Amino acid sequence: MNKTVKYTEKEFGDIKIIQDFLPSPEDLIFKEENVKVTISLTKESVNFFKTEAKKHHTQYQKMIRNLLDAYAENHNHKLENL
0 MNKTVKYTEK
10 EFGDIKIIQD
20 FLPSPEDLIF
30 KEENVKVTIS
40 LTKESVNFFK
50 TEAKKHHTQY
60 QKMIRNLLDA
70 YAENHNHKLE
80 NL
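For what it's worth, numbering that gives the first Met the number 0 labels the leading residue of the sequence shown as 0, then goes sequentially.
#1: By how many angstroms is the C-alpha of Ser39 removed from the C-alpha of Asn46?
#2: Nearest to Val36 by CA position, among Gln60, Val4, Glu8 and Ala52, is which residue?
#3: Looking at the C-beta of Leu66, does it have a partner C-beta in chain C at a distance below 8 Å?
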């Protein structure tokens, strides 16, 4: 299964070197300011999010938070456009 790789002195033509445009690993850590709250949800809602989270290999709390964030952002934009 192991093939021998043969390297050649093949020309690649005009090569343009570009600067590194990727962010540093530190810039990839998105820390948002979170506030802990206590909220009562229906058992059906929590079970729904737990089931969906398991299907998508994520945390159900994160799904609920993302849903609330999307709702708030959508309605915040509507208020700004009035």
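Quick reminder that beta carbons are idealized off the backbone N, C-alpha and C, glycines included.
Note that the coordinates shown come from a computational prediction; the quantities given were computed from them, not determined experimentally.
The answer reads as follows:
#1: 13 Å
#2: For the residues Gln60, Val4, Glu8 and Ala52, the minimum Cα distance to Val36 belongs to Gln60.
#3: Any reference to chain C falls outside this structure, which holds one protein chain only.
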